[in-house]
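To start, the structure under review is shown below, and the notes come after it.
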Amino acid sequence: MFLVFTDLASWLIYGVVGLDANTRLGTALHFFVEDVSKIFALLIAMIYVIALVRASLNVERVRNYLAGKRRGIGYLFGSLFGAITPFCSCSSIPVFLGFSSAGIPVGITMAFLLTSPLINEVAILLLLSLLGWKFTLIYIAVGMGVGILGGLFLDSIKAERWLQSFAAEALHKAQQGASLTVTGVTEKMESMPFSRRHQFAKEETLEIFGRVWKWVILGVGLGAALHGFIPEGWLESHLGDGQWWSVPGAVLLGIPLYSNATGVIPVMESLIVNGLPVGTTMAFCMSTVAASLPEFILLKQVMQWRLLVIVFLMLLLAFTTIGWLLNALTPYM
Amino acid sequence: MKNIQVLGSGCTKCKKTAELIEETARELGIATQVTKVTDAQTIMVYGVMSTPAVVVDEQLVHSGSVPHSNEIEQWLK
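Chains A and B supply the protein sequences, listed in that same order. Sequential numbering from 1367 applies to the first sequence in my numbering. Sequential numbering from 1050 applies to the second sequence in my numbering.
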């Protein structure tokens, strides 16, 4: 099914441009054109179809649903909804406050917010098409694991102590039962006719595609550069044994780098194909996506420095542990 | 005069929303005061979780996307 993109790339690079298939530049450009055209086509088709299905899901509904849940199951659902609910990272502050003023514990809210950047439908479908179902399952398990365990941990240390005072107050009030009367446009999306769904899906496709296309080009470009210019086997012989220090190194390297999941997956593919161990790759990519300083600074509006630092360190530690674990388990997979 | 607030943490969509409302008001010749609210605490008071959101005369009318121009016209009338 994907052969058409290989043919397109061969025609363009070897035919029209006239590069030799045996040169580094030739293979790198071929890889680039093939991957970008394939990913673009997949993205447009998939974002549209998924948006059709989830047109009636929104954060307001998720909040109402989570507010009635017991704790144990709350972390699981918080993380699950974080993965599937459409929501832009610029809304994380209002979402945090909205959840808190509905009396949802900080840990469950954080399970939602931590999982959200790591897993989304675009990332999952890209992974499936580039790296196969096994790796996709590992990725989903790891992403949700970080959200769920992170949420549990934050509640166990009573993280609500270190919220900014107005946020803590809202949470406290709501948990006392004096929940804020939440007005708004909550239920307007009930039973949507197809025309509305189509309209939503169309806008969603344009919007998401408009946001991610440059990341895809950047990601695949980097991937192509790695593909064509790192000597075959170099990564494997230097980092291929999953040396213990390479994992925390990868996590630290990921902090200053910032990408969303869409951009990082093509890079992930070429790192793995070039022989970087799965755990090291995963640690690097998760750190790039989830531990980004600009996003963290935003959370300062609702959290005191102390909690902010705790959450950040928690993530770094989690990614390192995951990297080591996956590297150790690789021989058995 | 209509008092319109656009709630949102300063993302591009929020700016677009504010501009669109100002533009529509000018076209229709309706006097309006459009303010952008980025303060998290105020946004919380309105119970808004997806930005940009629009508040007309203290009443929340919209949240989660850049509104369509026909919606804006309705609020202004």
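Yeah, the Cβ is synthetic: ideal placement off N, Cα and C, and Gly gets one too.
Cut-off 6 Å between Cβ atoms - residues of its own chain near residue i, not counting five sequence neighbours on either side
i, result
"Y1624 of chain A", "S1658"
"I1121 of chain B", "I1070, T1073"
"Y1414 of chain A", "A1567, T1571"
"V1086 of chain B", "Q1054, L1056"
"F1685 of chain A", "V1617, A1649, M1652, S1653"
"A1682 of chain A", "As written in the sequence, residue 1682 of chain A is Leu, which differs from the Ala given in the question. Correct list, in chain order: V1617."
"W1690 of chain A", "V1613"
"G1629 of chain A", "W1581, L1584, G1585"
"L1601 of chain A", "N1640, G1641, L1642"
"T1066 of chain B", "V1055, P1101, V1115"
"L1494 of chain A", "T1502"
"A1375 of chain A", "H1396, V1399, E1400"
Residue i - partner residues in DSSP beta bridges
i, result
"K1051 of chain B", "B:T1081"
"S1112 of chain B", "B:A1102"
"L1442 of chain A", "Paired residues: none, contrary to the question."
"V1086 of chain B", "B:L1056"
"L1529 of chain A", "A:M1669"
Cutoff 7 Å; reference residue i; Cβ partners in own chain excluding five residues on either side
i, result
"I1416 of chain A", "E1487"
"L1378 of chain A", "V1399"
"A1080 of chain B", "M1050"
"L1385 of chain A", "I1379, L1391, G1392, L1395"
"L1518 of chain A", "Y1441, G1473"
"F1575 of chain A", "L1409, I1410, I1413"
"T1547 of chain A", "Per-residue confidence for T1547 of chain A stands at a pLDDT of 46, beneath the threshold of 50, marking its modelled position as unreliable; the derived number appears in the next sentence. Taken in chain order, the list of residues that qualify is empty."
"A1534 of chain A", "E1526"
"I1514 of chain A", "Y1441, L1442, S1445, A1477"
"M1555 of chain A", "Caution is warranted here: a pLDDT of 45 is assigned to M1555 of chain A, below 50, making its placement in the model unreliable, and the coordinate value is therefore given only provisionally. Closer than 7 Å at Cβ, skipping near neighbours: S1422, N1424."
"S1058 of chain B", "T1087, T1100"
Close Cβ partners of residue i (< 8 Å) along its chain, the five nearest in sequence each way excluded
i, result
"W1528 of chain A", "M1669, Q1670, R1672, L1673, I1676"
"F1447 of chain A", "V1428, Y1431, L1432, F1478"
"G1606 of chain A", "G1641, L1642, P1643"
"I1596 of chain A", "N1640"
"T1696 of chain A", "G1608, P1643, V1644, G1645"
"R1506 of chain A", "The sequence as given places Ile at residue 1506 of chain A; Arg does not occur at that position. Here the set comprises A1449, I1485, I1490."
"P1632 of chain A", "D1401, I1405, L1492, L1496, V1582, G1585, V1586, L1588, G1589"
"E1068 of chain B", "none"
"K1064 of chain B", "K1085"
"I1459 of chain A", "L1664, L1665, Q1667, V1668"
Residue i burial status per 10 Å Cβ neighbour count (16 or more: buried)
i, result
"K1580 of chain A", "exposed"
"F1371 of chain A", "buried"
"I1439 of chain A", "exposed"
"E1635 of chain A", "buried"
"N1052 of chain B", "exposed"
"S1457 of chain A", "buried"
"M1476 of chain A", "buried"
"V1582 of chain A", "buried"
"P1101 of chain B", "buried"
"A1536 of chain A", "buried"
"K1062 of chain B", "buried"
"N1424 of chain A", "buried"
"E1553 of chain A", "Only weak support exists for where E1553 of chain A lies, its pLDDT of 46 falling under 50; the coordinates are left without a value."
"L1077 of chain B", "exposed"
"E1426 of chain A", "buried"
"S1482 of chain A", "buried"
"Y1698 of chain A", "exposed"
"A1656 of chain A", "buried"
"T1091 of chain B", "exposed"
"S1118 of chain B", "exposed"
**Prompt:** What residues from the segment 1652-1676 of chain A come within 9 Å of chain B, judged by C-beta to C-beta, listed N to C?
**Reply:** L1664, Q1667, V1668
**Message:** Across the segment 1643-1654 of chain A and the segment 1612-1622 of chain A, are there enough close Cβ pairs to call them in contact, namely three or more that are closer than 8 Å?
**Reply:** yes
**Item:** Near-chain B residues of the segment 1612-1630 of chain A (beta-carbon distance less than 9 Å), N- to C-terminal order
**Value:** none
**Message:** Under 7 Å, CB to CB, which of the residues in the segment 1058-1086 of chain B have a partner in chain A?
**Reply:** S1058, C1060
**Request:** Taking 8 Å as the threshold, find out whether the segment 1489-1503 of chain A comes into contact with the segment 1423-1441 of chain A through three or more Cβ pairs.
**Result:** no
**Item:** Where the segment 1532-1544 of chain A meets chain B: residues whose CB sits under 9 Å from a CB there
**Value:** F1532, A1533, A1536
**Message:** Whether or not the segment 1659-1666 of chain A and the segment 1509-1524 of chain A are in contact is what I'm after, with contact meaning three or more pairs of Cβ atoms, one per stretch, closer than 8 Å; do they touch?
**Reply:** no
**Prompt:** What residues from the segment 1087-1106 of chain B come within 9 Å of chain A, judged by C-beta to C-beta, listed N to C?
**Reply:** D1088, A1089, Q1090, I1092, M1093, V1094, Y1095, G1096, V1097, M1098, S1099, T1100, A1102
**Item:** Interface positions of the segment 1412-1436 of chain A facing chain B (Cβ-Cβ less than 8 Å), listed along the chain
**Value:** N1424, V1425, E1426, R1429
**Asked** What residues in the segment 1467-1479 of chain A bring their beta carbon closer than 8 Å to a beta carbon of chain B?
**Response** S1467
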